[in-house]
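Student: Next up is a structure, given as structure tokens.
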């Protein structure tokens, strides 16, 4: 089968322009459901936001009574932190599974558009009837990628150690040792890249044949990718510029917001600390003041910092939605 990357992207661009509802509307709904909603749920359920300030206050009170640090940790920190951590792990895993199924539906919507099939807003929910198969496919793909990555890392570490020992300690050829490190590192990076792409087509096989088993889809992806790694790499790299641009926008906006928070809230706290330090008579009193007020500092900083990162994400949103209406990489082609 002939593969023309530019022609395929141009065809996709034309098809997406004619979608109803608009592609940017579908993308917006998907982002709200798959990104914003899980974040809100995690933030609402997260017990750490209220737990950490309370723990700091408890620790300060117990330290004031002269209790040992180990006793403070056991009584005030360990139990609440472990319980809150387990709850957050459960919620995070649940939201990750939800996002996985939603991502499958979004891929299905895009595939329907390209095949000139009916692709309404409901298409992004197409993963839920086959959620078990979808999650199983993604999960087993991740497991296989992790196992192959672990094997590649072990081989790389062994080859690097043996090569360094042989060329450096035995033969005394340090230049060849350096060259061997470069060759081994390049081989390791290539191996990781091939491993990452090995099972990338498995979700599409599940879409094509809903009755296909998880391992059948994984094997089909592995077979299809043979000889096509270079094409997939070039296709991914053709979108790299837009990804870097969005990352740059996010980092600039978020860093500006975080800097403002640290310079205002954190600066005021440090100035107050300096003022208090002039009147206390011992380091213990200063430590008590810091522990008493650290919880207030955290409460004052966490919220604004979260808003700074949210502003960074919102700054990239127009570009994300614009890409939904016009795939990147075609301007000027």
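In the working numbering, the protein residues as written are 2 to 334.
A virtual CB, placed ideally from N, CA and C, is assigned to each residue, including glycine.
Work out the CA separation of residue 136 and residue 37 for me, nearest whole Å.
Tutor: As a first step, residue 37 is located in the chain shown; it is residue number 36 there, counting from the start. As a first step, residue 136 is located in the chain shown; it is residue number 135 there, counting from the start. Pairing residue 37 with residue 136, the inter-Cα distance amounts to about 21 Å.
Student: In its own chain, which residues sit with a C-beta less than 7 Å from the C-beta of residue 177, not counting the 5 before and 5 after it?
Tutor: Taking the first residue of the chain shown as 1, we reach residue 177 at position 176. Once the five neighbours on either side are set aside, the close Cβ partners of residue 177 are 168.
Student: Can you give me the start and stop residues for the alpha helix (DSSP H) that residue 7 sits inside?
Tutor: Position 6 of the chain shown holds residue 7. That run of the alpha helix (DSSP H) goes 6-18.
Student: Assess, as a yes-or-no matter, whether the segment 219-239 is touched by the segment 249-265 under the definition of 3 or more beta carbon pairs within less than 8 Å.
Tutor: no
Student: Between the beta-carbon of residue 197 and the beta-carbon of residue 207, is there less than 8 Å?
Tutor: Along the chain shown, read from residue 1 onward, the residue named residue 197 stands at position 196. Along the chain shown, read from residue 1 onward, the residue named residue 207 stands at position 206. Not a contact, by the Cβ cut-off of 8 Å.
Student: My output table needs one value for residue 127: the three-state DSSP class, helix, strand or coil.
Tutor: Indexing the chain shown from 1 puts residue 127 at position 126. Shown here, residue 127 sits in coil according to DSSP, grouped into three states, outside any helix or strand.
Student: To the nearest angstrom, how far is it from the Cα of residue 245 to the Cα of residue 130?
Tutor: Counted from its first residue, the chain shown places residue 245 at position 244. Counted from its first residue, the chain shown places residue 130 at position 129. Near 35 Å, if we compare the C-alpha coordinates of residue 130 and residue 245.
Student: Between residue 203 and residue 233, what straight-line distance do the alpha-carbon atoms span, to the nearest angstrom?
Tutor: Within the chain shown, residue 203 is the residue found at index 202, counting from 1. Within the chain shown, residue 233 is the residue found at index 232, counting from 1. Distance between the alpha carbons of residue 203 and residue 233 is about 14 Å.
Student: For residue 313 and residue 252, what's the separation of their Cα atoms in angstroms?
Tutor: Stepping through the chain shown from its first residue, residue 313 is reached at position 312. Stepping through the chain shown from its first residue, residue 252 is reached at position 251. Spanning the two alpha carbons is a distance of roughly 7 Å.
Student: So the alpha helix (DSSP H) residue 256 belongs to, where does it begin and stop?
Tutor: On the chain shown, position 255 is the one that residue 256 refers to. It spans 241-262 - the alpha helix (DSSP H) in which residue 256 sits, taken as one unbroken run.
Student: Could you spell out the range, first to last residue, of the alpha helix (DSSP H) harbouring residue 265?
Tutor: Sequence index remark: in the chain shown, residue 265 carries index 264 (1-based). Taken as a continuous stretch (DSSP letters only), residue 265 belongs to no alpha helix (DSSP H), as it is neither H nor E.
Student: Measure the CB-CB distance between residue 102 and residue 128 and report whether it falls below 8 Å.
Tutor: Taking the first residue of the chain shown as 1, we reach residue 102 at position 101. Taking the first residue of the chain shown as 1, we reach residue 128 at position 127. A contact, by the Cβ cut-off of 8 Å.
Student: For the alpha helix (DSSP H) containing residue 135, name the first residue and the last one.
Tutor: Looking up residue 135 in the chain shown gives position 134. Taken as a continuous stretch (DSSP letters only), the alpha helix (DSSP H) holding residue 135 covers 132-165.
Student: Under the assumption that residue 125 contacts residue 107 (Cβ atoms under 8 Å), give the Cβ distance between them as a whole number of angstroms.
Tutor: Looking up residue 125 in the chain shown gives position 124. Looking up residue 107 in the chain shown gives position 106. Taking 8 Å as the upper bound for CB-CB distance, residue 125 and residue 107 are in contact here, some 5 Å apart.
Student: Is it true that the CB of residue 236 sits closer than 8 Å to the CB of residue 6?
Tutor: Mapped onto the chain shown, residue 6 falls at position 5. Mapped onto the chain shown, residue 236 falls at position 235. Closer than 8 Å, so yes.
Student: So the candidates are 112, 221, 43 and 190; which of them puts its Cα closest to the Cα of residue 100?
Tutor: Indexing the chain shown from 1 puts residue 100 at position 99. Nearest of 112, 221, 43 and 190 to residue 100, Cα basis: 43.
Student: To the nearest angstrom, how far is the alpha carbon of residue 116 from that of residue 24?
Tutor: Indexing the chain shown from 1 puts residue 116 at position 115. Indexing the chain shown from 1 puts residue 24 at position 23. Their Cα atoms are separated by approximately 15 Å.
Student: Where residue 334 and residue 8 are concerned, what is the direct C-alpha to C-alpha distance, given to the nearest angstrom?
Tutor: As a working note, residue 334 is residue 333 in the chain shown. As a working note, residue 8 is residue 7 in the chain shown. Note on residue 334: pLDDT 34, under 50, position unreliable in the model; the coordinate value appears next. Their backbone Cα atoms lie some 10 Å apart in a straight line.
Student: Cα separation between residue 10 and residue 19?
Tutor: Counting from one through the chain shown, the residue named residue 10 turns up at place 9. Counting from one through the chain shown, the residue named residue 19 turns up at place 18. Each residue's alpha carbon lies about 15 Å from the other.
Student: Please report the residue range of the alpha helix (DSSP H) in which residue 212 lies.
Tutor: Position 211 of the chain shown, counted from the first residue, corresponds to residue 212. Where residue 212 is concerned, there is no enclosing alpha helix (DSSP H), given that its DSSP letter is neither H nor E.
Student: Suppose you measure from the CA of residue 145 to the CA of residue 105; what does that come to, to the nearest Å?
Tutor: For the purposes of this step, residue 145 is identified with residue 144 of the chain shown, where counting begins at 1. For the purposes of this step, residue 105 is identified with residue 104 of the chain shown, where counting begins at 1. Computed Cα separation, rounded: 19 Å.
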